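*Asks:* Mind looking over this structure? Questions follow.
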Amino acid sequence: MALIQNTKCECGHQNPVGTVLCEACGKPLDEELAASDSVLEMRYDGMARRSQKPHPNLIDRIWNFFSSVRVAVWLILITLVAAALGTIFPQESAFVNLTDPAAYYRENYGTAGAIYHALGLSRTFESWWFITLLVMIGASLVICSLDRVLPLYRALTRQQVRKHLQFITRQQVVYVGPIQGDAEAWTARFAEILRRKRYKVRTDGNALLAEKNRFSRWGPYVIHIGLIVFLLAVLMRGVIPGWYMDEYVGLDDGEIEQIPRTGYFVKSLGFRIDFYSDDELPEHLKGQLRVKQFTTKAVLYECVAYCDDATREPELKEVAAHDIRVNSPLSYRGLRLYQYDFAEAPRLISVRPTLVDKRTGQSYGPFELPMRHPPLTYSVGPFTLELRDSFPEFGLDENGEPVTLSREPNAPAFVFVIKGPGLPEEGVPYLYFPREADRQRFGQDRINGAAAEMFDIRVMSMEDVEFSTYTSYLNVRVDRGMPYVWTGAAITMIGLVMGIYWNHRRIWLRIDDGVLSLGAHTNKNRFGLRAEVAAALAKAGIEVDAKMLDNRRKES
Amino acid sequence: MRRHKSVQYLILAVMLLIGGYAVGRSFASSGDVLRPGDKPPSFRLADLQGEAHTLEEYAGNPLILNFWGTFCPPCREEMPALQQQYEAWKDKGLQVVGINLSEDRHRVENFIRRIGVSFPILLDTNRRTERAFGLREYPTTYFIDANGVIRQIVSGPLTIEEIDERVKSLLGSA
């Protein structure tokens with residue numbers, strides 16, 4: 000193509016630089032192209048794209064870069080390869096508690112794992128370069144579309160009825176032949192035939208333009224809009240605070256926990272595993288334990304007062320309750336709590352022990368003793384028990400001093416001071432292990448010495464013990480981007496259907512000195528178009544085999 | 000054509016803005032673990048007397064913020080060293096605050112009394128503050144300068160010498 004191109008057509012229309020076919024009459028502008036008789040390339044109706052302009056400046060160059068389909072294909076390929084690499088080993092974000100990722104990858108996947116982590120591929124999908132690729136694809140989508148859709152729109156809305164003869168006879172579907180009678184009357188009759196085939200027809204004397212399903216041309220651009228909405232939704236999810244959350248909460252039965260970084264608290268009323276009974280199982284599985292259902296009875300609370308007041312207990316209001324099962328989350332205002340995992344971790348929740356005065360044989364109580372946050376004083380009969388210390392997981396340090404080994408009530412112990420009738424003013428210290436196993440292991444009676452002669456604190460029956468067998472792990476998710484992701488997907492689908500199930504068909508004709516020249520173009524299904532044109536011509540009295548209309552047969 | 004040009008610029012600018020923000024976030028959101036140079040998240044916690052204290056109260060002077068629990072042996076070990084250094088430097092403006100890892104108050108009181116700790120102890124509840132700081136190990140000690148910026152983060156027990164060295168650099172930089 001010459002550097003300085005004469006863009007003025009012989010019909011008098013001034014075309015922008017880069018135009019292939021005259022915007023008005025459709026005549027090929029390039030001299031070489033005009034001299035040949037090949038079938039015309041109708042892409043974008045021969046319009047110049049936005050980016051095709053002389054003397055591009057920096058902004059134009061950026062625009063041109065993103066407007067290139069070749070660049071778009073490369074971007075997509077690179078992103079595909081990067082995404083594929085990101086799936087070789089699990090991503091760091093897939094782990095709930097990964098304190099030392101480097102060590103984890105080295106130990107589990109050897110040298111390859113170490114390299115994988117060092118290259119940052121273990122965080123592929125959060126990495127700046129991956130996000131940059133996505134942003135560039137987004138930019139390419141927007142600019143590629145705008146660069147083509149605007150000229151195309153202009154071309155299709157400003158179509159001239161009378162086209163250059165070369166434009167008509169170099170279409171994919173062509174018929175040239177003599178007609179009888181008045182040219183204008185013939186054109187009007189043919190227009191009526193095409194209208195019945197649901198064409199929109201415009202005539203200009205003895206020239207005609209018939210068109211149908213133009214909207215199908217917008218299909219690809221609707222797809223792009225859908226993809227842009229999709230991409231934006233995914234980007235926003237990571238950007239707008241509160242749009243996305245993925246947290247885990249572990250709950251013993253009866254335990255209440257705050258959902259991290261929210262004003263919500265969740266309480267488990269109990270976790271249950273149901274197994275299939277033998278008559279529900281096939282022969283070869285009978286007698287085996289097969290899990291049927293995991294259920295966490297959960298209650299969701301919202302903090303309504305003293306939420307950030309460290310000196311007081313927060314005031315909670317119940318907002319939702321649900322039996323959380325796999326695939327049946329508790330759902331409240333975009334917050335979803337899924338059953339994620341469980342662990343067998345038998346723990347006491349509370350006991351109701353009885354105080355036995357061994358001197359009189361009298362027993363008092365029972366009294367309620369919770370394992371978490373126990374009260375400091377207890378009135379039991381004539382006695383008062385003051386809680387001096389408590390150990391959620393009792394143990395001894397290197398100096399033999401009693402300590403707690405963790406914050407979890409795995410082996411709880413309580414130091415009471417018993418005060419009351421017949422006891423010294425300062426009371427009698429008494430160490431109490433609610434669990435019988437701990438009582439034996441640590442030697443409760445030996446530690447208590449003389450106090451063990453006077454008192455016993457023990458649980459009388461299993462009814463006075465409340466315990467949790469399992470810790471249930473819930474996955475707390477917020478994903479406010481999802482409606483937009485679905486909207487984007489739906490728009491994409493609509494665009495796909497528009498572009499695939501309909502095709503844009505156009506028929507041009509003109510009659511010069513009793514000779515009919517007809518050309519037709521479609522973006523898909525030329526066979527259908529040829530059959531349609533042949534049928535219309537037959538109705539107008541011109542019998543022609545549909546195959547004979549194929550312009551390309553001349554080339555081969 | 001002029002109108003087209005400004006639309007073109009506008010589209011590029013919007014894309015640069017959204018894209019830049021998204022890419023920028025990918026640098027920032029590499030986990031919620033604090034690093035030197037960060038400002039610690041604010042908190043409001045009760046002391047052993049039940050009075051509320053906020054991080055802002057400690058602004059203006061260097062601060063050692065120590066997360067500890069009675070269930071963690073290295074926390075118990077380093078407590079006397081912290082107390083010793085607190086006494087040595089408090090006249091120079093050093094503040095030491097211990098944040099207990101959501102244990103019951105009486106547990107904390109018993110331990111503090113036995114060791115003889117005189118610097119303020121605050122009580123976390125429901126592991127909230129611990130999570131806000133992104134704690135991974137116990138104990139974790141933050142050395143915060145007078146401007147409220149974290150200078151150093153140490154996981155694991157500290158000896159008197161180790162604290163001394165860091166306090167000197169904190170006071171020197173103030």
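For the record, the sequence lines run as chains A and B.
According to numbering that gives the first Met the number 0, the stretch in the first sequence is residues 0 to 555, in order.
According to numbering that gives the first Met the number 0, the stretch in the second sequence is residues 0 to 173, in order.
In this text, a Cβ means the ideal position worked out from N, Cα and C, and glycines have one as well.
Note that this is a predicted model, so its numbers are computed, not measured.
1) Can the beta-carbon of I510/A be found closer than 9 Å to that of W185/A?
2) Can you tell me whether R324/A sits near the ligand PLP, meaning its C-beta is under 8 Å from at least one heavy atom of the ligand?
3) Taking the alpha-carbon positions, what's the D278/A to L329/A distance?
4) How many angstroms separate the CA atom of I255/A from the CA atom of S267/A?
5) Would DSSP call G494/A helix, strand or coil?
6) According to the neighbour-count rule (16 or more other Cβ atoms, all chains shown, within 10 Å of its Cβ), is T158/B buried or exposed?
7) Could you tell me the alpha carbon to alpha carbon distance between P119/B and E392/A, rounded to whole angstroms?
8) Going by beta carbon distance, what residues of the same chain come within less than 7 Å of K538/A, once the five residues before and after it are set aside?
9) List, in order along the chain, the chain B residues whose C-beta lies closer than 7 Å to that of H372/A?
10) So if I threshold CB-CB distances at 9 Å, which residues from the region 127–142 of chain A count as touching chain C?
11) Give me the DSSP bridge partner(s) of Q361/A.
12) Can you confirm whether S555/A, when its beta carbon is compared against all beta carbons of chain B, has any partner nearer than 9 Å?
13) For the putative contact between F66/B and L134/B, defined by C-beta atoms under 8 Å, what is the C-beta separation to the nearest angstrom?
14) Taking all protein chains shown into account, decide if I114/A is buried (16 or more other Cβ within 10 angstroms of its Cβ) or exposed.
15) Relative to the C-alpha of Y220/A, which residue among R529/A, L495/A and F390/A is closest?
16) Have a look at the DSSP bridge pairing and note the partners of I559/A.
17) Short check: CB of Y339/A to CB of Y472/A, under 9 Å?
18) Rounding to the nearest angstrom, what Cα-Cα distance links P365/A and L354/A in this structure?
19) Measuring only the C-alpha atoms, how far is A173/B from P35/B?
20) Quickly, what does DSSP pair G176/A with across the bridge? List them, please.
21) Could you tell me the distance, in whole angstroms, from the CA atom of M0/A to the CA atom of C10/A?
22) Distance check for Q165/A and V38/A, CA to CA, integer angstroms please.
23) Pick out the complete alpha helix (DSSP H) segments inside the region 100–170 of chain A, 4 residues or longer, and give them in chain order.
24) Please determine if the region 4–24 of chain B and the region 82–101 of chain B are in contact, where contact requires at least 3 C-beta pairs separated by less than 8 Å.
25) Within 9 Å of any Cβ in chain A, is that where the Cβ of L100/B sits?
26) What does the Cβ neighbour count give for E129/B, buried or exposed, with the cut at 16 atoms within 10 Å?
27) Could you pull out every residue in the same chain whose Cβ sits closer than 6 Å to the Cβ of S144/A, ignoring the five residues on either side in sequence?
28) As a quick exercise: from G540/A, L386/A and E367/A, pick the residue whose alpha carbon is nearest that of T376/A.
29) Which partner residues does I61/A have in the DSSP bridge list?
30) Across which residues does DSSP place R346/A in a beta bridge pair?
31) Run through chain B and tell me which residues come within less than 8 Å of W62/A, C-beta to C-beta.
32) For L47/B, list the residues DSSP reports as bridge partners.
33) On the DSSP bridge assignment, give the partners of C302/A in chain order.
34) So, is the C-beta of F70/B closer than 9 Å to a C-beta in chain A?
35) Quick check on D245/A: buried or exposed, where buried means 16 or more other Cβ atoms within 10 Å of its Cβ?
36) What residue from L121/B, A87/B and E55/B has the CA that sits closest to A45/B's CA?
*Replies:* Let's see:
1) Contact flag set, yes.
2) Inclusion of the ligand PLP in the displayed structure is not the case, the ligand content being empty and no account of it being possible.
3) Between D278/A and L329/A, the C-alpha separation is close to 31 Å.
4) Looking at the two C-alpha atoms, the distance is approximately 7 Å.
5) Of the three classes helix, strand and coil, the one that applies to G494/A here is helix, per DSSP.
6) Its Cβ having fewer than 16 others within 10 Å, T158/B is exposed.
7) Answer to the nearest angstrom: the Cα atoms are 26 Å apart.
8) Within its own chain, the residues whose Cβ lies closer than 7 Å to the Cβ of K538/A, once the five positions on either side in sequence are excluded, are I192, listed in chain order.
9) Among the residues of chain B, those whose CB is under 7 Å from the CB of H372/A are D103, following chain order.
10) Although the question refers to chain C, the structure presented lacks it and instead comprises the protein chains A and B.
11) Answer by DSSP bridge pairing, in chain order: D356/A.
12) Confidence at S555/A is low in this model, with a pLDDT of 41, below 50, so its placement is unreliable and the value that follows should be read with caution. False, the Cβ-Cβ gap to chain B never drops below 9 Å.
13) The Cβ separation is near 6 Å, so the contact holds.
14) Burial call: exposed.
15) Taking each of R529/A, L495/A and F390/A in turn and checking the Cα distance to Y220/A, the smallest one comes out for L495/A.
16) The structure shown does not extend to residue 559/A, since chain A is modelled only from 0 through 555, so no value can be given for it.
17) In contact: Y339/A and Y472/A (Cβ atoms closer than 9 Å).
18) The C-alpha of P365/A lies about 7 Å from the C-alpha of L354/A.
19) Residue placement at A173/B is poorly supported in this model, since its pLDDT is 47, which falls under 50; the coordinates are not used for a value here.
20) Here G176/A is bridged, per DSSP, to L515/A.
21) The pLDDT assigned to M0/A is 42, lower than 50, so where the model puts this residue is not dependable; a value taken from the coordinates is nonetheless given after this. So the alpha carbons of these two residues sit roughly 21 Å apart.
22) About 10 Å.
23) The qualifying runs are 100–117, 127–156 and 164–168.
24) These segments do not touch.
25) For L100/B, the answer is yes, since a Cβ of chain A falls inside 9 Å of its Cβ.
26) Here E129/B is buried, its C-beta having at least 16 other C-beta atoms within 10 Å.
27) Apart from the 5 residues on each side of it in sequence, S144/A sits with its Cβ closer than 6 Å to the Cβ of Y220 and H223 in its chain, given in chain order.
28) Looking at the Cα atoms, L386/A is the closest of the given residues.
29) Beta-bridge pairing links I61/A to no other residue.
30) Partner(s): S467/A.
31) Annotation: Cβ neighbours of W62/A in chain B (cutoff 8 Å, chain order): Q7 and L11.
32) Under the DSSP definition of a beta bridge, L47/B lacks any partner.
33) Bridge partners of C302/A: L315/A.
34) Interface with chain A (9 Å Cβ-Cβ cutoff): F70/B is included.
35) Taking all protein chains shown into account, D245/A has fewer than 16 neighbouring C-beta atoms within 10 Å of its C-beta and is therefore exposed.
36) Of L121/B, A87/B and E55/B, the residue nearest in Cα terms is L121/B.
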